[in-house]
Amino acid sequence: MRLATWNINSVRLRINLVLDFLTSADIDVLCLQETKTEDKHFPAEAFTEAGWPHHAIRGEKSYNGVAIIARKPVTAISHRDWAGREDCRHISAQVEGGIQVHNFYVPAGGDVPDREANPKFGHKLDFLSEMTSYFAANRPERSVLVGDLNIAPLPEDVWSTKQLKNVVSHTDIEREGLIRLMNDGSWHDVVRAYFGAAEVLYSWWSYRARDWAASNRGRRLDHVWTSLDLADSVSDVQIHSDLRGAEKPSDHVPTVITIAD
DNA sequence: ATGGTGGGTCACCCA
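Numbering (the numbering used here), first residue to last: 27 to 287.
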């Protein structure tokens, strides 16, 4: 089974890019973030016609929005509210193979890494803390956690750990928080495990660069974690960096894992 | 130090 996560930054604008990716990468389960549309406008028919007829979607107007798109049935669709808000940043469902999928869009956190000066940063930290408490109390089994977690935890997850030290997404408190979520929540970073500690990995490049590929100032903000019981079932991992160079690209690229059926 | 670009909706929000 091949499972992908992708912050698509408007599923309606990029539906053809997504469909091409599903086909060419032979994806069974696709988790999207930043779909940016209400459920009634979600392009469900296009996915169905292309061969992915099973959907768990949770969107709102203009902002956020998450979805799980699959070839085979998805069941037990649910979500939780985090940090006291009902924004559409989480959906979970069971997919083929009895695998429980949690799909998250963690708040970006604004520009200033200080919860007093910038409430968005406080929201991000609160969201992270609640995830940590939840998964510490509800230890995942036969589960996958994916999404745009908006944190690059390791020096090898950014173009310059020194220059991003005080930049939201790579501050110490966020990095430590994400590691704590992984450890206390009993999750395993299969992408980092597959490529090794020394490999520099990015899944996002800003739109605000003259030439994203030439400057290559990326960050690994998108993650795929498995519960510990599935850690040895992952046989392949790919980050589709080439899609950052697509026509009208998302600023994020898909990450794909192959997991034993 | 600053501003750079892009998406959604319709004067600004968000990333």
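Built from N, CA and C at the ideal position, the CB exists for glycine as well.
Pull up the distance between the alpha-carbon of D52 and that of A143, whole angstroms please.
45 Å
Could you check where the beta strand (DSSP E) with N129 kicks off and where it finishes?
I125 to Y131
Which complete beta strand (DSSP E) runs does the segment 38 to 118 hold, if anything under 3 residues is left out?
55 to 59, 80 to 84, 92 to 96 and 101 to 104
Leaving aside the five residues before and after L43 along the sequence, list all residues of the same chain whose C-beta is less than 7 Å from its C-beta, in chain order.
A272
Quick one: using the 10 Å Cβ neighbour count with 16 as the cut-off for buried, is V138 buried or exposed?
exposed
With which residues is A30 paired in a DSSP beta bridge?
L56 and V282
Quick check: what's the CA-CA separation for V132 versus E75?
30 Å
P280: buried (16+ other C-beta within 10 angstroms of its C-beta) or exposed?
buried
Rounded to a whole number of angstroms, what is the C-alpha to C-alpha distance between P275 and W230?
11 Å
Do you know offhand how far E182's Cα is from H105's?
32 Å
According to DSSP, R375 sits in a beta bridge with which residue or residues?
With the chain covering only 27 through 287, there is no way to say anything about residue 375.
Where do the N-terminal and C-terminal ends of the alpha helix (DSSP H) with I205 fall, by residue?
D198 to D210
What's the C-alpha gap between F147 and K191?
15 Å
Spatial distance of S267 from W108 (CA atoms):
31 Å
Tell me where the beta strand (DSSP E) around G173 begins and ends.
S169 to D174
Report the option in M208, E200, F47 and A224 whose CA atom is closest to the CA atom of G136.
E200
Between the segment 202 to 214 and the segment 152 to 164, can you find at least three pairs of beta-carbon atoms closer than 8 Å?
yes
Euclidean distance between Cα positions of V121 and E60:
21 Å
Mind reading off the beta-carbon distance from V172 to T31? Whole number of angstroms is fine, and I expect it under 8 Å.
4 Å
W78 to D65 span [Cα, whole Å]
17 Å
Does the beta-carbon distance from A134 to V127 come in below 8 Å?
no
Would you kindly check if the distance between the Cβ of S253 and the Cβ of S169 is under 8 Å?
yes
What first and last residue would you give for the beta strand (DSSP E) that runs through D152?
Where D152 is concerned, there is no enclosing beta strand (DSSP E), although the alpha helix (DSSP H) it sits in stretches over P145 to A163.
Which residues in the same chain have their Cβ closer than 6 Å to the Cβ of V263, if we skip the five residues on either side of it in sequence?
V217, Y220 and I283
So, I117 versus R84, is the Cβ gap smaller than 8 Å?
yes
Excluding the five sequence neighbours on either side, which residues of its own chain have a C-beta within less than 6 Å of the C-beta of V260, listed in chain order?
V216, I283 and I285
Compute the Euclidean distance between the alpha carbons of A223 and R246, then round it to the nearest angstrom.
13 Å
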